[in-house]
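These notes are about the structure you will find just below.
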Amino acid sequence: MGSILEALFYGNIRPDEGIHPKHSEYYDLNRKISSLIEAYHKKLSPEEFDELEKLIDLLGQSTSMYSATAYTEGFRLGALMMIEVMGAGEKDD
2 MGSILEALFY
12 GNIRPDEGIH
22 PKHSEYYDLN
32 RKISSLIEAY
42 HKKLSPEEFD
52 ELEKLIDLLG
62 QSTSMYSATA
72 YTEGFRLGAL
82 MMIEVMGAGE
92 KDD
């Protein structure tokens with residue numbers, strides 16, 4: 002493995018691509034979502050289904066923004082913990 006800083010610089014680090022939840026509920030939930038979308042596709046008119054797809058897309062964008070913020074905050078917290086562990090955050094008593 003090369004330098005992590007070099008990989009970051011060249012945009013080769015994409016943590017979101019490596020996320021594969023191990024919870025069985027995650028896969029069950031995705032199967033249910035796919036099944037419901039398929040059922041709505043058959044049940045709704047094309048115009049209504051297009052509106053539903055727009056809503057789903059907006060929810061996906063919102064979730065993506067939340068995930069990016071959670072990732073950033075987690076990274077920040079990790080960096081602060083490293084600073085504290087290394088003693089840079091120590092105060093004289």
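Counting from 1, position 32 in the sequence shown corresponds to residue 33 in this note's numbering; the numbering is continuous, with no gaps. For glycine and all other residues, C-beta sits at the position ideal for the given N, C-alpha and C. Keep in mind the model is a prediction, meaning the values are calculated, not measured.
Same chain, Cβ closer than 7 angstroms to residue i, five either side skipped, listed in chain order
{"i": "G61", "result": "none"}
Continuous alpha helix (DSSP H) stretch holding residue i: start and end
{"i": "P47", "result": "47-86"}
{"i": "K44", "result": "25-44"}
{"i": "I5", "result": "5-10"}
Neighbourhood of residue i by C-beta distance below 8 angstroms, restricted to the same chain and skipping five residues each side
{"i": "H42", "result": "F50"}
CA-to-CA distance, residue j to residue i, given in whole angstroms
{"i": "S4", "j": "P16", "result": "16 angstroms"}
{"i": "G58", "j": "E48", "result": "Checking the sequence shown, residue 58 turns out to be Asp, not Gly. So the two alpha carbons sit approximately 15 angstroms from each other."}
{"i": "L182", "j": "G88", "result": "A question about residue 182 goes unanswered here, because the residues of the chain that appear run from 2 up to 94."}
{"i": "G79", "j": "M66", "result": "20 angstroms"}
{"i": "Y27", "j": "Y11", "result": "32 angstroms"}
{"i": "E74", "j": "S35", "result": "31 angstroms"}
{"i": "I14", "j": "A71", "result": "17 angstroms"}
{"i": "S68", "j": "E39", "result": "26 angstroms"}
{"i": "E7", "j": "R77", "result": "20 angstroms"}
{"i": "R32", "j": "P22", "result": "14 angstroms"}
Rounded Cβ spacing between residue i and residue j (contact assumed at less than 8 angstroms)
{"i": "L37", "j": "L45", "result": "With a Cβ gap of about 12 angstroms, L37 and L45 do not count as contacting."}
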